[in-house]
Amino acid sequence: MLNMIEKLFKEKKIYSGKILNLYVDTVILPNKKTATREYVRQPNAAAVIPFIDEKTIILVKQYRYPIKQITYEIPAGKISENEKPIDCIKRELEEEAGYVSNNLKKLIDFYPSTAFFTEKLYIFIAKNLKKTKINPDADEFIAPEIISYKKALSWIETGKIIDSKSIIGLLYYEIIKNQ
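For the sequence shown, the residue numbers in the numbering used here are 35 to 213.
In structure tokens:
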């Protein structure tokens with residue numbers, strides 16, 4: 035069997051920020067040579083597809099500075115230290131969409147970019163929603179958008195939804211919803 039495991043030789047943090055840390059590590063390759071690996075350590079995240087009913091969901095409309103454009107996404111947020119993904123979802127659902135739910139179910143979890151991020155993302159579905167009040171973080175300027183589930187799928191096809199967690203969550207739900 036081919037050995038593919040790389041072993042840490044030297045770890046070097048070159049940037050420490052509010053939501054991410056950048057590392058440039060030296061690793062020992064399976065052939066005993068060394069190589070450099072650049073990657074970002076950041077907290078895990080959780081996202082939710084909130085269903086108002088079987089045909090209607092809530093997306094969040096917001097401006098994303100890195101890509102300089104407004105996006106439509108499922109509500110999501112970083113998981114705080116010692117917080118469970120489901121508790122993060124409860125918080126984000128109320129903060130970003132203005133709803134609470136007593137019916138949350140894990141849909142899928144995955145690593146958005148295994149090449150250079152440590153972040154793991156957990157996606158849930160929420161049903162039996164009860165309206166509360168939107169309460170975004172001080173630096174979030176967001177607007178909940180209530181749309182049909184079918185329209186959200188068409189927005190993926192037309193490129194209106196470009197966010198990977200939203201695309202993965204919505205398409206995965208489409209695959210398994212009748213199982």
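Ideal Cβ positions, reconstructed from N, Cα and C, are used throughout, including at glycine.
In this structure the segment 67–78 lies against the segment 50–57, because at least three pairs of beta carbons, one per stretch, are closer than 8 Å. Residue state for ILE201 is assigned as helix, using DSSP reduced to three classes. Runs of the beta strand (DSSP E) lying entirely within the segment 112–166 and spanning at least 3 residues, in chain order: 133–144, 155–165. Taking the CA atoms as reference points, ASN162 sits about 6 Å from ASN137.
LYS95 is bridged by DSSP to TYR106, ALA177. Taking the Cα positions, LEU127 is about 24 Å away from LYS102. Each residue's CA atom was taken as its position, placing PRO64 and LEU204 some 39 Å apart. Measuring C-alpha to C-alpha distances from GLU179 to each of TRP189, ALA172, LYS46 identifies TRP189 as the nearest. Between the C-alpha atoms of SER200 and LYS47 there is a straight-line separation of about 31 Å.
Nearest in C-alpha terms to SER182, of all of ILE39, GLU40, CYS122, PHE85, is PHE85.
Taking all protein chains in view, the Cβ of ASP197 is crowded by 16 or more other Cβ atoms within 10 Å, so the residue is classified as buried. Taking the CA atoms as reference points, GLY111 sits about 35 Å from ILE62.
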